[in-house]
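Reading the sequence shown from the start, the letters are residues -15 to -1, 1 to 411 in mature numbering (1 follows the signal peptide of the UniProt record, and there is no 0). Glycine included, each C-beta is placed from N, C-alpha and C at the ideal position. Note that this is a predicted model, so its numbers are computed, not measured. The structure appears below as structure tokens.
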Amino acid sequence: MKGVLVLLFLGGAFSSWMVEYPQKETCALKGSSVILPCYYDYPESLVVEGVKWGHKENFFDGPFIYDSELNQTWSRFTYSGDKNHNCSLRIDQVEDGDAGKFAFRFITNSDDGKFTGEEGTMLKIGDLRISLVKPKENDVIKEGNSASLTCTSSCDGGEPSPFIWLKDGEVVHNGSVLSLTDMSSTHSGNYCCTYNGATSGGIRIDVEFGPKNTNVEVYPSEEVDEGTNVTLICNSHANPAVMNYTWFKKHRNNVTVLGEQRKYSFGKFSQRDDGQYFCRSTNKHGSSNSSDVTVKVKVPPTKLSAKLIVILSCVVILVLLVVTSVAAKIKFCKNRITSTETDCEEETQDNIYVNLPDFDKSQSQEETQNDSYIVYTPVQLKRKSDMEEQTDSHDESDSVIYSVVCRESHPLGDLSDRTVTGDDRD
């Protein structure tokens, strides 16, 4: 390339007017950027005042895709050369309409100093292509399958292609071939490849699978008041979408089919509707059952239960009263026994002395056998403390107990005594 430019430059020293295009044809990918190389020469006595690029036969009078005299602020076409000998053109975001012939024209400060390189250079627009290889050409991709994506460019003969693979806008691989193995739902998405700023069209990969994560939702709740409207909803994740839902009710060992819709509703839920429910979701790749959910009516307390509660409460209160009473009685008895023991100790310290005069047996027995008579006998009670005092002193305050002795006549003359005591304190 450099050798060609040098030769062209040396050749231009002996020629007066010339435009040379090193590449007769250039291929650019749609959406990429490309430079069309160009070299020009003119008599050394002249000065270049304007440069222009034309496209598709608009080489002399325009309109030009680039014109230095128009002071264009932005364009996809940028002059990357100068006003000496480099006349290269840069094209960004190449489009299909950019294909065709491009030619360079320059104007000098001489009235006749205008020249156009009519030979021009051709621009070919290429694109990136993606090919998908799967197990069976006409079969869908299912979970567990493998597949590969290959990116190719229609512009051949260029530099080695630094392909980049994107999935849903994020880079996932570098290289022309993307291999996908043991595929799952996470591999589903939009894929494309890029090269030198060019981006291929996208390809959609859809990994299909049978229903999974099937579950039941209950509204408003799994335990409701009788007469409440209840709705059961079956949810499942599948690709393609679930085609059929089936509802079942379990009762003991029996399973009853209720219906085939995603939502199953009860207008007024009653106790006869109590039970376990589950649903089944189905698509072309299989089916999946949800776990059981138990839906039942809240049972309010019955009158019998209320009576039992009252009875139990009364029994508890009665037991507490009995326990409290028994405890109080035991405590009272303990205190009384303690007090009695103390009194007895005090009383045992006193001695009682009784003086009984002899009865005169010579008394007449003329009285009838059953007659009885009364004898009053003085009994003196003396405390131990009093006995310890002087024996010759007597206190008039001493207590005297008169004992009334009743004697009855006995055939043998013996008397059986009955004694009645009384307290006479002077």
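Inset, instruction - Give the straight-line distance between the Cα atoms of S173 and A183, rounded to the nearest whole angstrom. - result: The alpha-carbon of S173 is positioned some 23 Å away from that of A183.
Legend entry - Residue(s) in a DSSP beta bridge with L232: The sequence as given places Trp at residue 232; Leu does not occur at that position. W232 is bridged to G244 and C264.
Inset, instruction - Specify, as a first and last residue, the run of the beta strand (DSSP E) that T93 falls within. - result: Per DSSP, T93 is one residue of the beta strand (DSSP E) stretching across G85 to T93.
Legend entry - For I76 and R61, believed in contact at Cβ under 8 Å, the rounded distance: R61 to I76, Cβ: 6 Å. Contact.
Inset, instruction - Please work out which residues of its chain come closer than 8 Å, Cβ to Cβ, to E207, disregarding the five sequence neighbours upstream and downstream, and give them in chain order. - result: Answer for E207: V278, T279, V280 and K281, listed in chain order.
Inset, instruction - Name the two residues that bound the continuous beta strand (DSSP E) containing N224. - result: Segment V215 to N224, the beta strand (DSSP E) holding N224.
Legend entry - Endpoints, the beta strand (DSSP E) within which E193 is located: Looking at the DSSP string, the run of the beta strand (DSSP E) that includes E193 is V192 to Y204.
Legend entry - Close Cβ partners of I110 (< 7 Å) along its chain, the five nearest in sequence each way excluded: Excluding residues up to 5 positions away in sequence, A13, K15, V79, D81, D83 and A84 lie with their Cβ nearer than 7 Å to the Cβ of I110 in the same chain.
Legend entry - Straight-line Cα distance separating Q8 from P22: If you take the alpha carbons of P22 and Q8, they lie about 7 Å apart.
Inset, instruction - Would you mind reading off the limits of the beta strand (DSSP E) that contains R75? - result: In the DSSP annotation of this structure, the continuous segment of the beta strand (DSSP E) that includes R75 starts and ends at L74 to I76.
Inset, instruction - Between the Cα of G66 and those of P28, L55, I20 and F45, spot the shortest distance and give me the residue it belongs to. - result: Comparing C-alpha distances from G66 to each of P28, L55, I20 and F45 shows the shortest one belongs to I20.
Inset, instruction - Please classify V125: does DSSP put it in a helix, a strand, or coil? - result: Residue state, collapsed to three classes: coil.
Legend entry - Beta-carbon proximity check, F45 vs K37, cutoff 7 Å: Cβ atoms of F45 and K37: not closer than 7 Å.
Inset, instruction - Could you tell me which of A88, S116 and P28 sits nearest to S98, measuring between CA atoms? - result: A small correction: the amino acid at residue 98 is Gly; Ser does not occupy that position in the sequence shown. When each option's Cα is compared against that of G98, the closest is P28.
Legend entry - Boundaries of the beta strand (DSSP E) in which E10 is found, first to last residue: Where E10 is concerned, the enclosing beta strand (DSSP E) starts and stops at E10 to L14.
Inset, instruction - Using a threshold of 7 Å, state whether the C-beta atoms of Y176 and L134 are closer than that. - result: It is a contact, given that the beta carbons lie within the stated cut-off.
Inset, instruction - Check the DSSP bridge columns for S272 and list the partner residues they point to. - result: Per the DSSP secondary-structure output, S272 pairs in a beta bridge with T267.
Inset, instruction - Compare the Cα-Cα distances from T213 to each of V284, G252 and V308 and report the closest residue. - result: Taking the Cα of T213 as reference, the smallest distance to any Cα among V284, G252 and V308 is reached at G252.
Legend entry - Nearest neighbour of S30, chosen from S1, S53, E10 and L55 [CA to CA]: Measuring from the Cα of S30, the nearest candidate turns out to be S1.
Inset, instruction - Hey, could you find the ends of the beta strand (DSSP E) E34 is sitting in? - result: From DSSP, the beta strand (DSSP E) with E34 extends over V33 to H40.
Legend entry - Residues of its chain near V118, where Cβ-Cβ distance is below 6 Å and the 5 sequence neighbours each way are ignored: Within the same chain, Cβ atoms closer than 6 Å to the Cβ of V118 are found at S133, the five residues on either side in sequence being excluded.
Inset, instruction - Can you tell me which of the three DSSP states R114 falls into? - result: Strand.
Legend entry - Neighbourhood of K248 by C-beta, 8 Å cutoff - its chain only, sequence neighbours within 5 removed: When the five nearest sequence neighbours on each side are left out, the beta carbons in the same chain lying within less than 8 Å of the beta carbon of K248 are those of T216, L217, I218 and C219, in order along the chain.
Inset, instruction - Using beta-carbon positions only, say whether C140 and I115 come within less than 7 Å of one another. - result: Against a cut-off of 7 Å, the Cβ pair of I115 and C140 comes out as no contact.
Legend entry - Segment contact flag, the segment 258 to 273 with the segment 226 to 233, C-beta cutoff 8 Å, min 3 pairs: These segments touch.
Legend entry - Residue from N239, D259 and K197 with nearest C-alpha to E211: Of the listed residues, the one whose Cα sits closest to E211 is D259.
Inset, instruction - Spatial neighbours of K197 within its chain, please: CB distance less than 8 Å, with the 5 preceding and 5 following residues excluded, ordered by chain position. - result: Result list for K197: S221, H222, A223 and S273, in chain order.
Inset, instruction - With DSSP as the reference, label C177 as helix, strand or coil. - result: Reduced to three states, the DSSP call for C177 is strand.
Legend entry - heavy atom of the ligand MN below 6 Å from V295 C-beta: Ligands displayed in this structure: none; no statement on the ligand MN is therefore possible.
Legend entry - Limits of the beta strand (DSSP E) - the one that W150 falls within: Segment I149 to K152, the beta strand (DSSP E) holding W150.
Inset, instruction - Excluding the 5 residues preceding and the 5 following L151 in the sequence, name in chain order all residues of the same chain whose CB lies nearer than 6 Å to its CB. - result: Excluding positions up to five away in sequence, the list reads C177.
Legend entry - Test item: CB-CB of Q261 and K235 under 7 Å: A distance below 7 Å separates the beta carbons of Q261 and K235.
Inset, instruction - Check whether the Cβ atoms of G102 and F87 sit closer than 7 Å, and answer yes or no. - result: Result no, Cβ atoms of G102 and F87 do not sit closer than 7 Å.
Inset, instruction - Please classify L163: is it buried, with 16 or more other beta-carbons within 10 angstroms of its beta-carbon, or exposed? - result: By the neighbour-count rule (16 or more Cβ atoms within 10 Å), L163 is buried.
Inset, instruction - Measuring only between beta-carbons, confirm whether T171 sits less than 7 Å from chain D. - result: Included in the structure is just one protein chain, with no chain D present.
Inset, instruction - Look up Q354 in the DSSP assignment and say whether it is helix, strand or coil. - result: Note that Q354 scores a pLDDT of 43, beneath 50, so its modelled location is shaky; the value from the coordinates is reported in the next line. Note: Q354 maps to coil in three-state DSSP.
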